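Line by line, the protein sequences are chains L and W.
Quick note, the first sequence lines up with residues 70 to 369 if you use my numbering.
Quick note, the second sequence lines up with residues 31 to 341 if you use my numbering.
The structure appears right after this line, and notes come after that.
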Amino acid sequence: MGDKRPRSFYILALFFTAYVLFLYGPMIAIYILSFQGPDGGLTFPMNGVSLTWFGKVFSGGGIVDIGAAFKRSLALGLVVMVITVVLSVAAGMAFRKPFRGASILFYTAIASLIMPSIITSLGIALEFRLIDDFINKHAADYGLGWLAEGHTTAMGLFTSGLGAHLTWTLPFGLLIMFAIFNRFDGRLEEAARDLGATPWQTFRHVVLPIILPSVVGIGLFGFTLSWDELARSSQAIGSVNTLPLELQGLTTTVTKPDIYALGTLTSAVSFVVIFAALSVILVLQARQRRQGSDAGKGMV
Amino acid sequence: MAVTIDNSPETLAPAQSTLRKMTTRSIAWLQAGPMTLVFALFFLLPLVLVVIVSVWDYNEYEMIPALSFRGYTDTFEGCVANLPELCTILKTYLKTLKLCLLTWALTLMIGFWVAYFLAFHVRSKTWQIVLSLLCTIPFWTSNVIRMIAWIPLLGRNGLVNQGLVGAGVINKPVEWLLFSEFSVVLALVHLFTFFMVVPIFNSMIRIDKRLIEAAYDAGASGWQTLVNIVIPLSKPGIVIGSIFVITIVMGDFVTIGVMGGQQIASAGKIIEARLSALQFPAAAANAVILLGITIIIISALTRIVDVRKEL
Chain L
70 MGDKRPRSFY ILALFFTAYV LFLYGPMIAI YILSFQGPDG GLTFPMNGVS
120 LTWFGKVFSG GGIVDIGAAF KRSLALGLVV MVITVVLSVA AGMAFRKPFR
170 GASILFYTAI ASLIMPSIIT SLGIALEFRL IDDFINKHAA DYGLGWLAEG
220 HTTAMGLFTS GLGAHLTWTL PFGLLIMFAI FNRFDGRLEE AARDLGATPW
270 QTFRHVVLPI ILPSVVGIGL FGFTLSWDEL ARSSQAIGSV NTLPLELQGL
320 TTTVTKPDIY ALGTLTSAVS FVVIFAALSV ILVLQARQRR QGSDAGKGMV
Chain W
31 MAVTIDNSPE TLAPAQSTLR KMTTRSIAWL QAGPMTLVFA LFFLLPLVLV
81 VIVSVWDYNE YEMIPALSFR GYTDTFEGCV ANLPELCTIL KTYLKTLKLC
131 LLTWALTLMI GFWVAYFLAF HVRSKTWQIV LSLLCTIPFW TSNVIRMIAW
181 IPLLGRNGLV NQGLVGAGVI NKPVEWLLFS EFSVVLALVH LFTFFMVVPI
231 FNSMIRIDKR LIEAAYDAGA SGWQTLVNIV IPLSKPGIVI GSIFVITIVM
281 GDFVTIGVMG GQQIASAGKI IEARLSALQF PAAAANAVIL LGITIIIISA
331 LTRIVDVRKE L
């Protein structure tokens, strides 16, 4: 193929640009509109410029307790992130050796990924409903009367909610681990072993530093997917709501730009996390390139 | 490390290797165990419960653990009696399939060309990463916000209507832009084209570039190369992307709810409605039906590819 760009390049470049505009245009519109003056409405043109609507969100004036939902989502997102990273790395390591049930676990993860969210959510809601019914009716029979006393539901942010989020984030984590180990040079581990490293030392000092940038990527997926998760949480979160659920509820009732302000804030958190994660990945990769090999540096 | 035991390899090797095999296996189990446990507790068990409860009886406020097909018969109520007229459930499924088909066709077209551009036209690795990230970042932000974002554009007084009225194309704002099937499909395409781009790009990037050069050298036109080389070799990606998009849209109730102004029925919304009425067995029966239809579509899709592979 020649060096000159074919005509199809320019057509497709235009198409790609249009796609990117389609992706970002609407979002940028609400970011702009959230900075409207106090008389602003839901559409353009802008009616003055102010931070009124952000103030409304923070003071909680008019809308539900957003501050609490914000903290709940943040806490849940962080827990989901940590669990996703740890469990995915561990399972990713397991898949490098043959073990019974490996393909069952793999297909379960894929099924969990493509299962329509409402079904997963319904199933978890059902499971906890049955647990509640059981506790209320039978706990006393087993001398566990104290458990039923005042029991309302076992559902909650960090029980059913956490589980629902993990069914969504873990498959991504596992697939990323597969991608990592597909191009991982196993001879590095053999070398470590030959030099007398224990399995843990091999993991800690050889494997982990190499895969670390991608592990940060798993964390990024874990947090952002949980932070924005809606469909799977919808039936399985219990009595309190996460931020996306509150936002969804607001879409039918709110006619003021405070919903845009809330959207802008939520996105701001996502963007901070995305750029922090990407910067960490870049720094780690740069460090790997600098220190990746000590060949020719003499004895240390 | 300092301890050295004189163990002659001849005598100890078999025992050691069996031992090592056993420890390797148990280590693998320890490593995969936690994830397996999460899926067992929050995915497999719930699915089994859905299937079991779908054949339970129920009344206004609780489920009754007794065999009953009420969940199913209630769902298909009037389907036979009202025949040539379609009953609600069939109408709803037809509508869901229609939205699904439209979304699938559009995401496939857009996703294919975006992936094609990234894989074959962007030559530097850095640019490829930067442009891929540009496509991925919205995926890491909230779906609800990306839906709300259409309101200022498509609403009655939105930018599109303002522009069209201003340009004299129409004389009063059109209503069908927002809270309609149009806005639902638009939002679905907006949200989920990403799921098409990634697997197709993944397939395309693995295509040996020498194949394309060979085709070029043999005198194939760009179109012939596309049809005879690129599309067949991208098929796994196309099928995986299609499975993602179809399963998401078939079960969707959030996008259809928000962008349809809570007015459009869908397979997912039936389940949601039954659940909010606390009719767990009815919701479960609908979930089983939805699951069945989704599995049929997926197996049909995977068959298409396998058949082609054999030829």
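Positions of the beta carbon are idealized from the N, C-alpha and C atoms, including for glycine.
Keep in mind the model is a prediction, meaning the values are calculated, not measured.
Query: Apart from the five residues just before and just after L194 (chain W), which ones in its own chain have a Cβ nearer than 6 Å to its Cβ?; Result: I200
Query: D282 (chain W): buried (16+ other C-beta within 10 angstroms of its C-beta) or exposed?; Result: buried
Query: Below 8 Å, can you find three or more Cβ-Cβ pairs linking the segment 232 to 245 of chain L to the segment 146 to 165 of chain L?; Result: yes
Query: Find the nearest neighbour of P326 (chain L) within the set L:Q270, L:L92, L:S339 and L:G124, judged by alpha-carbon distance.; Result: L:G124
Query: Where does the unbroken beta strand (DSSP E) through A96 (chain W) begin, and where does it stop?; Result: M93 to L97
Query: Starting from the C-beta of Q309 (chain W), find all residues in its chain whose C-beta is less than 7 Å away, skip the five residues before and the five after it, and write them out in chain order.; Result: Y88
Query: Below 7 Å CB to CB, which residues in the same chain sit around I327 (chain W) once its five sequence neighbours on both sides are set aside?; Result: I276
Query: Taking C-beta pairs closer than 8 Å, name the residues in chain W that M96 (chain L) reaches, listed in chain order.; Result: P168, T171, I175, R176 and A179
Query: Check whether the Cβ atoms of V269 (chain W) and L331 (chain W) lie closer than 8 Å to each other.; Result: yes
Query: Would you verify that the beta carbon of L226 (chain L) is, or is not, closer than 8 Å to some beta carbon of chain W?; Result: no
Query: Which class does V160 (chain W) belong to by DSSP, given the choice of helix, strand or coil?; Result: helix
Query: Rounded to whole angstroms, how far is the Cβ of T137 (chain W) from the Cβ of V219 (chain W), which I believe are closer than 8 Å?; Result: 6 Å
Query: For the segment 298 to 315 of chain W, enumerate the residues whose C-beta is nearer than 7 Å to any C-beta of chain L, in chain order.; Result: G298, I301, E302, L305, F310, A313 and A314
Query: Measuring straight from C-alpha to C-alpha, what distance separates G318 (chain L) and N316 (chain W)?; Result: 24 Å
Query: G63 (chain W): which of L:P185, L:L289, L:I200 and L:A171 sits nearest, CA to CA?; Result: L:A171
Query: Starting from D87 (chain W), trace the beta strand (DSSP E) in both directions and tell me its first and last residue.; Result: W86 to Y88
Query: What does the alpha-carbon distance come out to for the pair A345 (chain L) and Y123 (chain W)?; Result: 43 Å
Query: Buried or exposed: M139 (chain W), going by 16 or more other Cβ atoms within 10 Å of its Cβ?; Result: exposed
Query: Mapping DSSP to helix, strand and coil, what is V204 (chain W)?; Result: coil
Query: In angstroms with no decimal places, state the Cα-to-Cα distance between L191 (chain L) and L314 (chain L).; Result: 16 Å
Query: Select from W:S213, W:I175, W:A313 and W:I259 the residue whose C-alpha is nearest the C-alpha of W296 (chain L).; Result: W:I175
Query: So the candidates are L:T267, L:E258, L:E259 and L:I187; which of them puts its Cα closest to the Cα of A233 (chain L)?; Result: L:I187
Query: For L46 (chain L) and Y100 (chain L), I'd like the C-alpha separation in whole angstroms.; Result: Limits of chain L in this structure are 70 at one end and 369 at the other, which puts residue 46 (chain L) out of reach.
Query: Roughly how many angstroms lie between the CA atoms of I328 (chain L) and S142 (chain L), to the nearest whole one?; Result: 17 Å
Query: I'd like the ranges of any beta strand (DSSP E) spanning at least 3 consecutive residues and lying wholly in the segment 113 to 148 of chain W.; Result: none
Query: Would you mind working out which of W:C109, W:A314, W:G141 and W:Y91 sits nearest A87 (chain L), comparing C-alpha positions?; Result: W:G141
Query: What's the C-alpha gap between A163 (chain L) and L127 (chain W)?; Result: 40 Å
Query: Straight-line CA distance for D36 (chain W) to V275 (chain L)?; Result: Annotation note: pLDDT 47 at D36 (chain W) (below 50); position unreliable, no value reported.
Query: Could you tell me whether the Cβ of A135 (chain W) comes closer than 8 Å to any Cβ of chain L?; Result: no
Query: Leaving out five residues on either side along the sequence, give the residues of the same chain with a beta carbon under 8 Å from the beta carbon of G117 (chain L).; Result: Q105, G106, P107, D108 and G109
Query: Take the Cβ of F203 (chain L) as the centre, count every other Cβ of all protein chains shown within 10 Å, and call the residue buried at 16 or more, exposed below.; Result: exposed
Query: Measure the beta-carbon distance from P182 (chain W) to L111 (chain L) and round it to whole angstroms, keeping in mind my assumption that it falls under 8 Å.; Result: 6 Å
Query: Contact defined as beta carbons within less than 8 Å: I believe S98 (chain W) pairs with V85 (chain W). What is the distance between those atoms, to the nearest angstrom?; Result: 7 Å
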